[in-house]
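Notes follow the structure.
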Amino acid sequence: MIKTAITVSLVEEARGGPFVLWDGVEQGCKTAAELGYDAIELFAPSHEVVPVDALKKLLTDHGIGLAAVGTGAGMVVRKLNLTDPDEDVRNRAQGFIKNMILYGAQFGVPAIIGSMQGRWGGDVSRDQAFDWLRTALNDLGGFAESQKVPLIYEPLNRYETNLCNTMAEGIQLCDSLDTGNIKLLADVFHMGIEEANPAEAMISGKAYIGHVHFVDSNRMAAGMGHLDLSGIAKALKEIGYDGFVSAECFPKPDALTAAKQTIAAYRKFFKNSRTLFVCD
Ligand code: LER
Ligand code: MN
């Protein structure tokens with residue numbers, strides 16, 4: 104059963120980034136619930152900013168859930184990443200992600216590693232970066248497993264990382280790990296840049312995909328660009344994907360329009376999904 108989510112960012116330093124709701128977590132929950140979303144995906148500066156009990160109450164009061172927690176603030180705000188040449192930076196990156204895993208686990212949801220994967224270059228060879236990334240993912244994946252949640256790893260487009268850009272590279276990375284607890288995030292925006300055929304890439308990711316960012320070619324809300332979202336949605340249904348499709352797009356022309364446009368697109372593309380049928 105595919106479920107719907109919308110991103111809420113509390114990270115001021117990420118203004119201009121592809122997150123829809125920016126007016127605080129309370130307002131984010133209210134808007135998400137009013138529009139019929141099942142959940143929010145939270146992008147917070149750290150695990151300490153919204154206490155677990157306060158978020159649990161907000162979610163319950165609004166009858167919605169939490170889909171996942173992003174870790175990108177570790178990179179954007181603290182400049183931490185898992186393949187930095189400085190060992191101390193890499194260790195602090197792992198610590199930041201562990202705290203996010205613990206936070207999400209209290210809601211039974213995963214943390215997402217996107218920009219915190221970093222990149223190779225300069226003094227860091229490609230092999231070295233992958234070595235550090237694999238070591239970190241094995242450790243963090245095992246840690247997440249001990250908390251009974253998966254850990255989500257997101258291939259990004261070539262302008263954001265040179266580690267994994269495609270589904271095939273993400274799959275190869277997962278297959279090279281000792282942990283089986285890493286799932287891939289299929290972000291349709293990155294896939295539109297990197298994949299020859301995003302729908303076919305979804306099908307190839309059947310056993311690996313744990314989360315989806317559903318957005319259009321230009322990172323506008325679904326339906327405001329030129330991706331074949333109908334084909335991508337069909338592929339997700341075909342592989343029996345039953346996680347979240349989460350709106351990670353620019354709040355353009357404004358947040359509410361992007362949020363309404365996305366839920367309308369979800370209803371159109373995933374109309375056989377039970378939750379979406381109920382909200383219709
Ligand atoms: C970054 O481009 C992205 O897609 C996010 O989900 C990761 O922070
Ligand atoms: Mn994404």
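In this text, residue positions in the sequence shown follow the working numbering: the first is 104, and each later residue adds one. The beta-carbon is built from N, C-alpha and C at its ideal position, and this holds for glycine as well.
Does residue i come out as helix, strand or coil in the three-state DSSP assignment?
{"i": "D383", "result": "For D383, the predicted structure reports a pLDDT of 41, less than 50, and the residue's modelled location is therefore unreliable. A value from the coordinates is still provided. Coil at D383, not helix or strand."}
{"i": "F233", "result": "helix"}
{"i": "E190", "result": "helix"}
{"i": "G168", "result": "strand"}
{"i": "E144", "result": "strand"}
{"i": "G173", "result": "strand"}
{"i": "V153", "result": "coil"}
{"i": "E116", "result": "helix"}
{"i": "M286", "result": "Residue identity check: residue 286 is Lys in the sequence provided, not Met. Three-state result, K286: strand."}
{"i": "V123", "result": "coil"}
{"i": "A325", "result": "coil"}
In terms of residues, what are the limits of the beta strand (DSSP E) holding residue i?
{"i": "T107", "result": "K106 to S112"}
To the nearest whole angstrom, what separates the beta carbons of residue i and residue j, a pair I think is in contact under 8 Å?
{"i": "L138", "j": "A362", "result": "6 Å"}
{"i": "T269", "j": "P258", "result": "6 Å"}
{"i": "A350", "j": "F317", "result": "6 Å"}
{"i": "T186", "j": "A232", "result": "4 Å"}
{"i": "L240", "j": "L280", "result": "6 Å"}
How would you write the range of the alpha helix (DSSP H) that residue i sits in, first residue to last?
{"i": "F372", "result": "A358 to F372"}
{"i": "G295", "result": "V291 to E297"}
{"i": "G177", "result": "A176 to V179"}
{"i": "S333", "result": "L332 to E341"}
{"i": "L185", "result": "L185 -> no alpha helix (DSSP H), and no H or E assigned at all."}
So, for residue i: in the same chain, excluding its five sequence neighbours on each side, which residues have a beta-carbon less than 8 Å away from its beta-carbon?
{"i": "L205", "result": "H150 and Q250"}
{"i": "V155", "result": "Y206, Q209 and F210"}
{"i": "I306", "result": "A338, E341 and I342"}
What's the call for residue i, buried or exposed, on a 16-neighbour Cβ count within 10 Å?
{"i": "S99", "result": "Because the chain here runs from 104 to 383, residue 99 falls outside it and cannot be looked at."}
{"i": "Y262", "result": "exposed"}
{"i": "H329", "result": "exposed"}
{"i": "D141", "result": "buried"}
{"i": "T407", "result": "Examination of residue 407 is not possible in this model, given that the chain is present from 104 through 383 alone."}
{"i": "K106", "result": "buried"}
{"i": "E298", "result": "buried"}
{"i": "A310", "result": "exposed"}
{"i": "R193", "result": "buried"}
{"i": "A76", "result": "Nothing about residue 76 can be reported from this structure: the residues present for the chain run from 104 to 383 only."}
{"i": "G163", "result": "It should be noted that the sequence gives Thr, not Gly, for residue 163. It counts as exposed."}
{"i": "T365", "result": "buried"}
{"i": "A157", "result": "exposed"}
{"i": "G313", "result": "buried"}
{"i": "P356", "result": "exposed"}
{"i": "K182", "result": "exposed"}
CB-CB under 6 Å to residue i, same chain, minus the five flanking residues each way: which ones, in chain order?
{"i": "L145", "result": "V111 and V172"}
{"i": "N184", "result": "M178, A196, M219 and G221"}
{"i": "Q130", "result": "none"}
For residue i, which residues of its own chain have a beta-carbon under 7 Å away from its beta-carbon, when the five flanking residues on both sides are left out?
{"i": "P148", "result": "L113, V114, A176 and V180"}
{"i": "G168", "result": "D141, A142 and L162"}
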